[in-house]
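J.:
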Amino acid sequence: MHVVHTPGEARAIARSLPGPLGFVPTMGALHRGHLALIERARAECTSVVASIFVNPLQFAPGEDYERYPRSPERDLALLAEAGAALVYAPTPQEMYPPGFATHVEVRGIGDAYEGAARPGHFAGVALVVLKLLHAIEPAVLYLGQKDAQQAVLLRRMVRDLDLPIETTICATVREPDGLALSSRNVYLNDEQRRAAPSLYRALSAMRAAIEAGASDVEAVKAVGSACIEPPLEIEYLDLVDPATFARRSTLERPALIVAVARAGRTRLLDNLPIPGADGGDQL
Ligand code: AMP
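This is the structure in structure tokens:
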């Protein structure tokens, strides 16, 4: 497995690998959710490239950039074992040298929810992923449905810029109790960890209510809210259009339930698709 730190090296080695190339961008602190993306890429592509970069631009001031979990040696061992051919792990100085001035904005999709809660977050995500795509030039970009708004926004960017890249969004990997895997779950104390699966129970109860013919969005949201266990507190819980992230005021399908619950300073982000009449559980 090659491990490189500059865009020039990444591009040179990526071009030398047998294609098609699958690419999995990450911030490291890898877990089974990340590894599921690597496995999917391995199954569908000839070579798999991963990146590890804790992107300072996607953390708002006062967020957890400094204390974000980092485990580079363990990550490299996991990626080697999972069969990645190349890992691109740039430094912030390489990624954003002095004088860097370019801004990437995808309008609309990122305005509400995570975009509203984390000013500048999606501009930082779009910029770094665009730079990574230019360095790696993959055929397929693999993203997790766990970060649904990010995945839909990046898919929009790839299409809008005519990049010759397919975007594949992979199902959320969960703990047996339903909690979506996240590098930030290590922040939870015992009490918060015990309550954390109530978020997924809320999403599941909302989907069941819709499938059972609930009358309106407010009734569905009330079903979800009632499932949340203290000390978790809902920051937002809504139904949205899965393609645009516009808030839904009717129970039209397909739809996506999006939610953040707070556990102290930690934000637990999750979502659940409500399939349309033609089925399908994916974005
Ligand atoms: P991150 O390291 O948090 O930036 O995540 C890197 C990629 O892994 C993103 O595309 C995430 O959506 C995806 N991912 C993170 N957690 C999960 C999960 N529990 N299941 C599936 N994909 C995930």
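Those letters in the sequence shown? Residues 866 to 1148, by our numbering.
Every residue gets a Cβ at the ideal spot worked out from N, C-alpha and C, and that includes glycine.
(1) Given that a residue counts as buried once 16 or more other Cβ atoms are within 10 Å of its Cβ, and exposed if not, what is Gln-1014?
(2) Buried or exposed for Phe-987, please, with buried defined as at least 16 other CB atoms from any protein chain shown within 10 angstroms of its CB.
(3) Here's the rule I'm using: 16 or more other beta-carbon atoms within 10 Å means buried, otherwise exposed. How should Leu-1018 be labelled?
(4) Could you check whether the Cβ of Ser-1047 sits closer than 8 Å to any heavy atom belonging to the ligand AMP?
(5) Would you decide whether Glu-979 is buried or exposed? Buried here means 16 or more other CB atoms lie within 10 Å of its CB.
(6) Could you pull out every residue in the same chain whose Cβ sits closer than 6 Å to the Cβ of Ala-947, ignoring the five residues on either side in sequence?
(7) At a cut-off of 8 Å, is Cys-910 close to the ligand AMP when judged by its beta-carbon and the heavy atoms of the ligand?
(8) Is the distance from the Cβ of Thr-1032 to the Cβ of Arg-1020 below 9 Å?
(9) Can you list, in chain order, the residues of its chain whose CB lies under 8 Å from that of Ser-1114, leaving out five sequence neighbours each side?
(10) According to the neighbour-count rule (16 or more other Cβ atoms, all chains shown, within 10 Å of its Cβ), is Thr-891 buried or exposed?
(11) Alpha carbon to alpha carbon, what distance is there between Tyr-961 and His-968?
(12) Quick check: does the Cβ of Leu-902 come within less than 8 Å of any heavy atom belonging to the ligand AMP?
(13) If you check the beta carbons only, do Val-868 and Leu-941 fall under 9 Å apart?
(14) Following a CB-centred definition, is Gly-960 positioned closer than 8 Å to any heavy atom of the ligand AMP?
(15) Taking the alpha carbon of Arg-983 as the reference point, which residue from Glu-931, Arg-935, Gly-927, Gln-1010 has its own alpha carbon closest?
T.: Taking the coordinates as given:
(1) Translated into positions along the sequence shown, residue 1014 becomes position 149. Label assigned to Gln-1014: buried.
(2) Within the sequence shown, numbered from 1, the residue matching residue 987 stands at position 122. Buried, by the Cβ-count rule.
(3) Position 153 of the sequence shown, counted from the start, is the residue given in the question as residue 1018. With 16 or more other Cβ atoms within 10 Å, it is buried.
(4) Locating residue 1047 in the sequence shown gives position 182, counting from the first residue. At least one heavy atom of the ligand AMP lies less than 8 Å from the C-beta of Ser-1047.
(5) Here residue 979 refers to the residue found at position 114 when the sequence shown is read from its first residue. With 16 or more other CB atoms across the displayed protein chains lying within 10 angstroms of its CB, Glu-979 is buried.
(6) Looking up residue 947 in the sequence shown gives position 82. Apart from sequence neighbours up to five positions away, the residues of its chain that approach Ala-947 with a beta-carbon distance below 6 Å are Leu-900, Ile-903, ordered along the chain.
(7) Position 45 of the sequence shown, counting from 1, holds the residue named residue 910. Answer for Cys-910: no, Cβ out of range of the ligand AMP.
(8) Residue mapping note: residue 1032 aligns to position 167 of the sequence shown, counting from 1. Residue mapping note: residue 1020 aligns to position 155 of the sequence shown, counting from 1. Cβ atoms of Thr-1032 and Arg-1020: closer than 9 Å.
(9) To locate residue 1114, count along the sequence shown from 1; it is residue 249. Residues of the same chain with a CB within less than 8 Å of the CB of Ser-1114, apart from the 5 flanking positions on each side, are Val-1082 in chain order.
(10) Locating residue 891 in the sequence shown gives position 26, where the first residue counts as 1. So Thr-891 counts as buried.
(11) Along the sequence shown, read from residue 1 onward, the residue named residue 968 stands at position 103. Along the sequence shown, read from residue 1 onward, the residue named residue 961 stands at position 96. Taken atom to atom, the span from the alpha-carbon of His-968 to that of Tyr-961 is near 12 Å.
(12) Residue mapping note: residue 902 aligns to position 37 of the sequence shown, counting from 1. At least one heavy atom of the ligand AMP falls within 8 Å of the beta-carbon of Leu-902.
(13) Along the sequence shown, one-based indexing puts residue 868 at 3. Along the sequence shown, one-based indexing puts residue 941 at 76. The Cβ atoms of Val-868 and Leu-941 sit closer than 9 Å to each other.
(14) To locate residue 960, count along the sequence shown from 1; it is residue 95. A small correction: the amino acid at residue 960 is Met; Gly does not occupy that position in the sequence shown. Result no, Cβ not under 8 Å from the ligand AMP.
(15) Looking up residue 983 in the sequence shown gives position 118. Checked all of Glu-931, Arg-935, Gly-927, Gln-1010; the closest Cα to Arg-983 is Gly-927.
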